[in-house]
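Written out below as structure tokens is the structure these notes cover.
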Amino acid sequence: MDSIITYFLLFTSLYTEVFLLVTFFELRSSITLVDNQDPREYPSVTIIVPCFNEEKTIGGTIMSLLELNYPKDKLSIFIVDDGSTDATVAVAQKFQNNQNVKIFRKENGGKHTAFNLGLMNTTSDLVGCLDADSFVDPNALRRIVLRFENAEVMAVTPAMKVHEPKTIIQLMQKAEYTMAIFNRKVLSFLGSLYITPGPFSIFRKSVFDKLGLYRKAYNTEDLEFGLRMQTHGLIIENAHDAYVYTATPRTVRALLKQRIRWSYGFFKNAFDHRALFFNRKYGNLSSFVLPIAILSLTSVVYFVIRFLLQTFSASYNAIVKILTVGIHFGAPGFPDWFFLNTGFATILGITSVMFVFALILLGKWLSSEGGPRISRDMFYFVALYAILAPLWITKAAYDAVLSHETPWR
Amino acid sequence: MRALDFKKYALVFVITAAIFGTALYISNLLSNRRIAEIQAIEDKISIDILSSETQYALLSESSCVNLAGSVLSQEINSLAERLSYMENSLGVDNPEVVRLKRYYSLLQIKDYLLMKKVNSQCGIKSVTMLYFYSNRGDCEDCTKIGYILTYLREKYPKLRVYAFDANLDLSAIKTLRALYSVKDVLPVITIDQKVFYGFQDKETIEKELLKIKGFDKTTATTTQVNE
Numbered sequence: 000m001d002s003i004i005t006y007f008l009l010f011t012s013l014y015t016e017v018f019l020l021v022t023f024f025e026l027r028s029s030i031t032l033v034d035n036q037d038p039r040e041y042p043s044v045t046i047i048v049p050c051f052n053e054e055k056t057i058g059g060t061i062m063s064l065l066e067l068n069y070p071k072d073k074l075s076i077f078i079v080d081d082g083s084t085d086a087t088v089a090v091a092q093k094f095q096n097n098q099n100v101k102i103f104r105k106e107n108g109g110k111h112t113a114f115n116l117g118l119m120n121t122t123s124d125l126v127g128c129l130d131a132d133s134f135v136d137p138n139a140l141r142r143i144v145l146r147f148e149n150a151e152v153m154a155v156t157p158a159m160k161v162h163e164p165k166t167i168i169q170l171m172q173k174a175e176y177t178m179a180i181f182n183r184k185v186l187s188f189l190g191s192l193y194i195t196p197g198p199f200s201i202f203r204k205s206v207f208d209k210l211g212l213y214r215k216a217y218n219t220e221d222l223e224f225g226l227r228m229q230t231h232g233l234i235i236e237n238a239h240d241a242y243v244y245t246a247t248p249r250t251v252r253a254l255l256k257q258r259i260r261w262s263y264g265f266f267k268n269a270f271d272h273r274a275l276f277f278n279r280k281y282g283n284l285s286s287f288v289l290p291i292a293i294l295s296l297t298s299v300v301y302f303v304i305r306f307l308l309q310t311f312s313a314s315y316n317a318i319v320k321i322l323t324v325g326i327h328f329g330a331p332g333f334p335d336w337f338f339l340n341t342g343f344a345t346i347l348g349i350t351s352v353m354f355v356f357a358l359i360l361l362g363k364w365l366s367s368e369g370g371p372r373i374s375r376d377m378f379y380f381v382a383l384y385a386i387l388a389p390l391w392i393t394k395a396a397y398d399a400v401l402s403h404e405t406p407w408r
Numbered sequence: 000m001r002a003l004d005f006k007k008y009a010l011v012f013v014i015t016a017a018i019f020g021t022a023l024y025i026s027n028l029l030s031n032r033r034i035a036e037i038q039a040i041e042d043k044i045s046i047d048i049l050s051s052e053t054q055y056a057l058l059s060e061s062s063c064v065n066l067a068g069s070v071l072s073q074e075i076n077s078l079a080e081r082l083s084y085m086e087n088s089l090g091v092d093n094p095e096v097v098r099l100k101r102y103y104s105l106l107q108i109k110d111y112l113l114m115k116k117v118n119s120q121c122g123i124k125s126v127t128m129l130y131f132y133s134n135r136g137d138c139e140d141c142t143k144i145g146y147i148l149t150y151l152r153e154k155y156p157k158l159r160v161y162a163f164d165a166n167l168d169l170s171a172i173k174t175l176r177a178l179y180s181v182k183d184v185l186p187v188i189t190i191d192q193k194v195f196y197g198f199q200d201k202e203t204i205e206k207e208l209l210k211i212k213g214f215d216k217t218t219a220t221t222t223q224v225n226e
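These protein sequence lines map, in sequence, to chains V and H. Residue numbers for the first sequence follow numbering that gives the first Met the number 0, beginning at 0 and rising by one. Residue numbers for the second sequence follow numbering that gives the first Met the number 0, beginning at 0 and rising by one.
So, in structure tokens, the structure goes:
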């Protein structure tokens, strides 16, 4: 039974990777690597920057927005302070004389309330959000606006990259974000993007007129809104060439906190929007993407339990051996291929990791990172993700079942 | 773009199944190579024993042949390790594993008999242990005794330990047990004709071995042929 479950989960994992690759190569011809065309027209855009105690990064965030390669008379930047207790407002006020920048202040109520305040004060054609710890590439908005030339597109998500990765944990995330660039592109091909990330997702203003404002959703409001758009059949497109650089957790502790929040939010929002599951009306998202996302999270929990049991059994045997013959090392021998683990599950696991490498390399190619070369961040990702992801997923699943709210910070 | 493309889902299924099939094929191929390697070692040992038996038969009329070091060469340890690895990866009931173990057990018995003959002819004393075990999870002490015997074999390279799986359906093993009047209890070890049932700690076994005259010198024994 144990091996049937293992093979089933390995099969689904491989199936998903193959599915993503097949979809990508099927529609590759429609990808323009970097779109440097100018839009036929420039719609008015408001970028809302909700901020709470972001004195260190808010200045850079505003500067990057002001440097956007976009007509200044069409661009508004709303800085919405959500009751910061540090010098965030003072830093923002340095830009108050700029005609594009407008500063709002309110009592602390959560990121989504800050965004909603900005929304209620804008009448522009397009509206977007930028987290106050993220920085945009000068051409990002222009490339996103190009995607809105298709009248059916209601929102466009960017390509997120890690801002100045330094620690091993950040390098691990660099590879992860690169793979996400690939995954998001393929999900957009499948009409199945279900997250509109905080850093620089841009919407038609009419979307909010139709669906209402952001609402409190387990500190993952961008996920809730993406699912809500899917429920109403609204198209979310991806601009893989619109780069946004975001600050990422530097330490394991900070990363776990962020990911527990994300995974918890996913479980809870997926449950709230369960009508999206297994309903042919919602296409790939409903029949494949969401169920696979749940299954892959569950399989992580399964594999971690299995790994713990095996480790326990191996430790028990090692202790019995030490108690029986003491600490004793046999003569060191030459490595022998005979004892290499070449079992079926191991070969499948290695194949799966190779596919992950392929997805990251394609993400690099898509985001024009100087050619798809193997880099050390890919190895950090494969090694560390396998250890860390089970921790946050298990904790988030536990919290979700017991309805323990996860904090933002 | 939102609609399900069933053809693609089916195509992906076929590709994934092909990858699965290839992984299974590679895994089996490597397993078969391992089995072939074990088989080759067993065949080599079989020829070694046959050669020693023949040599002995030719010369025994007139002289003593000490084959202590040449029979069942060093390869026996690596063979045991390899068989144990295959048992873990393919399972104790795998027909190939069972076949190789039966062959291995017979080779051990042949070596044991030959050694006995050589020893009595030449009047030398080599120390041999017989060990009967089960690895089906019904004998926790067998695991511990296994660790001790591995340790002793490494410490005293000339100590000859013949290990037999009591669950193997092999009449020669049953006869061997009957010869020693071994009861149906596991684990069992014999040291110098004495039978010990159940768990014996490292010190007890070592003490028992050291009681045998000249045992500690066995580590320094070298192969020699006295004509």
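Glycine included, C-beta positions come from ideal geometry on N, C-alpha and C.
Handout entry: Rounded straight-line distance, which links the Cα of Leu189 of chain V to that of Leu125 of chain V
Key = Going from the Cα of Leu125 of chain V to the Cα of Leu189 of chain V covers about 24 Å.
Problem - Residues near Gly282 of chain V in its chain [Cβ-Cβ closer than 8 Å; skip 5 each side] - result: Annotation for Gly282 of chain V: Leu189, Gly190, Ser191 place their beta carbon closer than 8 Å to its own, counting only its chain and skipping 5 residues before and after.
Problem - Which listed residue (V:Gln92, V:Ala139, V:Tyr193, V:Pro248) has its alpha carbon closest to that of His162 of chain V - result: Put simply, of V:Gln92, V:Ala139, V:Tyr193, V:Pro248 the residue whose alpha carbon is nearest the alpha carbon of His162 of chain V is V:Pro248.
Exercise for the section: Compute the Euclidean distance between the alpha carbons of Phe51 of chain V and Leu294 of chain V, then round it to the nearest angstrom. Expected result: The alpha-carbon separation between Phe51 of chain V and Leu294 of chain V amounts to approximately 35 Å.
Problem - Per DSSP, cross-strand counterpart(s) of Leu74 of chain V - result: In DSSP, Leu74 of chain V forms a bridge with V:Val44.
Exercise for the section: Would you mind working out which of V:Ile57, V:Arg104, V:Val44 sits nearest Leu145 of chain V, comparing C-alpha positions? Expected result: For the residues V:Ile57, V:Arg104, V:Val44, the minimum Cα distance to Leu145 of chain V belongs to V:Val44.
Practice task
Under 7 Å between beta-carbons, which chain H residues line up against Ile346 of chain V? List them in chain order, please.
Solution key: Under the 7 Å cutoff, chain H gives Ala22, Ile25, Ser26.
Problem - Helix, strand or coil at Phe134 of chain V [DSSP, three-state] - result: In this structure, Phe134 of chain V counts as strand in the three-state DSSP scheme.
Handout entry: Under 7 Å (Cβ pairs) to chain H, residues found in the stretch 283-308 of chain V
Key = Within the stretch 283-308 of chain V, those residues whose Cβ lies closer than 7 Å to any Cβ of chain H are, in chain order, Asn283, Ser286.
Practice task
Let me know the secondary structure DSSP gives Ala158 of chain V once reduced to three states.
Solution key: The answer is strand: DSSP assigns Ala158 of chain V an E or B state.
Practice task
Within the same chain, show all residues whose beta-carbon is closer than 7 Å to that of Leu186 of chain V, passing over the 5 residues directly before and after it, in chain order.
Solution key: Counting only Cβ-Cβ distances below 7 Å, and skipping sequence neighbours, we find Leu192, Val288.
Problem - Near-chain H residues of the stretch 9-33 of chain V - C-beta to any C-beta below 8 Å - result: Of all residues in the stretch 9-33 of chain V, Phe10, Leu13, Tyr14, Val17, Phe18, Val21, Thr22, Glu25 have a Cβ within less than 8 Å of some Cβ in chain H.
Practice task
Give the DSSP bridge partners of Cys128 of chain V, in chain order.
Solution key: Checking the DSSP bridge columns, you'll see Cys128 of chain V partnered with V:Ile47.
Problem - Exposure label - Trp261 of chain V; buried when at least 16 CB within 10 Å - result: Here Trp261 of chain V is buried: its Cβ has 16 or more other Cβ atoms, across all protein chains shown, within 10 Å.
Exercise for the section: Leaving out five residues on either side along the sequence, give the residues of the same chain with a beta carbon under 6 Å from the beta carbon of Lys206 of chain H. Expected result: Here the set comprises nothing.
Problem - Cβ contact check for the stretch 208-227 of chain V and the stretch 268-280 of chain V: 3 or more pairs under 8 Å - result: Result yes; three or more Cβ-Cβ pairs closer than 8 Å.
Problem - Segment contact flag, the stretch 115-128 of chain H with the stretch 168-178 of chain H, C-beta cutoff 8 Å, min 3 pairs - result: Counting C-beta pairs closer than 8 Å gives fewer than three between the stretch 115-128 of chain H and the stretch 168-178 of chain H, which falls short of the contact rule.
Problem - Asp208 of chain V - DSSP class collapsed to helix/strand/coil - result: Looking at Asp208 of chain V - three-state DSSP - the assignment turns out to be helix.
Problem - Within-9 Å CB hit, Thr323 of chain V to chain H - result: Taking a beta-carbon distance threshold of 9 Å, Thr323 of chain V counts as an interface residue toward chain H.
Practice task
Take the Cβ of Asp110 of chain H as the centre, count every other Cβ of all protein chains shown within 10 Å, and call the residue buried at 16 or more, exposed below.
Solution key: Counting the other Cβ atoms within 10 Å of the Cβ of Asp110 of chain H gives 16 or more, which makes it buried.
Practice task
Let me know the alpha helix (DSSP H) ranges lying completely inside the stretch 172-218 of chain H, each 4 residues or longer, listed in chain order.
Solution key: For the stretch 172-218 of chain H, the full-length alpha helix (DSSP H) segments reaching 4 residues or more read 201-209 along the chain.
Exercise for the section: Sort V:Lys204, V:Arg305, V:Ser298 by Cα distance to Pro42 of chain V and report the nearest one. Expected result: Looking at the Cα atoms, V:Lys204 is the closest of the given residues.
Handout entry: Buried or exposed (CB count within 10 angstroms, at least 16 for buried), Gln107 of chain H
Key = Counting Cβ neighbours within 10 Å, Gln107 of chain H comes out buried, since at least 16 surround it.
Practice task
Just the C-alpha distance for Trp336 of chain V and Lys184 of chain V, rounded to the nearest angstrom, thanks.
Solution key: Each residue's alpha carbon lies about 41 Å from the other.
Practice task
May I ask you to list, following chain order, the residues of the stretch 169-196 of chain H that have a beta carbon less than 8 Å from some beta carbon of chain V?
Solution key: Listed in sequence order: no entries.
Exercise for the section: On a CA-only basis, which of V:Ala174, V:Ala238, V:Asp208 is nearest Thr195 of chain V? Give me that one, please. Expected result: Measuring from the Cα of Thr195 of chain V, the nearest candidate turns out to be V:Ala238.
Problem - Exposure of Lys100 of chain H, with buried meaning 16 or more beta-carbon neighbours within 10 Å - result: Lys100 of chain H comes out buried.
Handout entry: Given 8 Å, three or more beta-carbon pairs between the stretch 121-140 of chain H and the stretch 177-190 of chain H
Key = Counting C-beta pairs closer than 8 Å gives three or more between the stretch 121-140 of chain H and the stretch 177-190 of chain H, which meets the contact rule.
Exercise for the section: Please state if the CB of Leu3 of chain H and the CB of Arg252 of chain V are separated by a distance shorter than 9 Å. Expected result: Their beta carbons are not under 9 Å apart, which means Arg252 of chain V does not touch Leu3 of chain H by this criterion.
Exercise for the section: Could you tell me whether the stretch 209-218 of chain V touches the stretch 95-115 of chain V, using the rule of 3 or more Cβ pairs below 8 Å? Expected result: The answer is yes - the stretch 95-115 of chain V touches the stretch 209-218 of chain V, with three or more Cβ pairs under 8 Å.
Handout entry: CB contact below 9 Å: Asp200 of chain H versus chain V
Key = With 9 Å as the cut-off, Asp200 of chain H counts as an interface residue toward chain V.
Practice task
Please classify Tyr84 of chain H: does DSSP put it in a helix, a strand, or coil?
Solution key: Here Tyr84 of chain H sits in helix by DSSP.
Problem - Alpha-carbon spacing of Arg142 of chain V relative to Leu23 of chain H, whole angstroms - result: C-alpha separation (whole angstroms): 46 Å.
Handout entry: CB contact check: Val446 of chain V to chain H, cutoff 9 Å
Key = With chain V represented from 0 up to 408, any question about residue 446 of chain V goes unanswered, as that position is not in the structure.
Problem - Distance, Tyr242 of chain V Cα to Ser12 of chain V Cα - result: Their Cα atoms are separated by approximately 29 Å.
Practice task
Give the C-beta separation of Ile47 of chain V and Ile61 of chain V to the nearest angstrom, bearing in mind that I take them to be a contact with Cβ-Cβ under 8 Å.
Solution key: Rounded, the Cβ-Cβ distance is 12 Å, inconsistent with contact.
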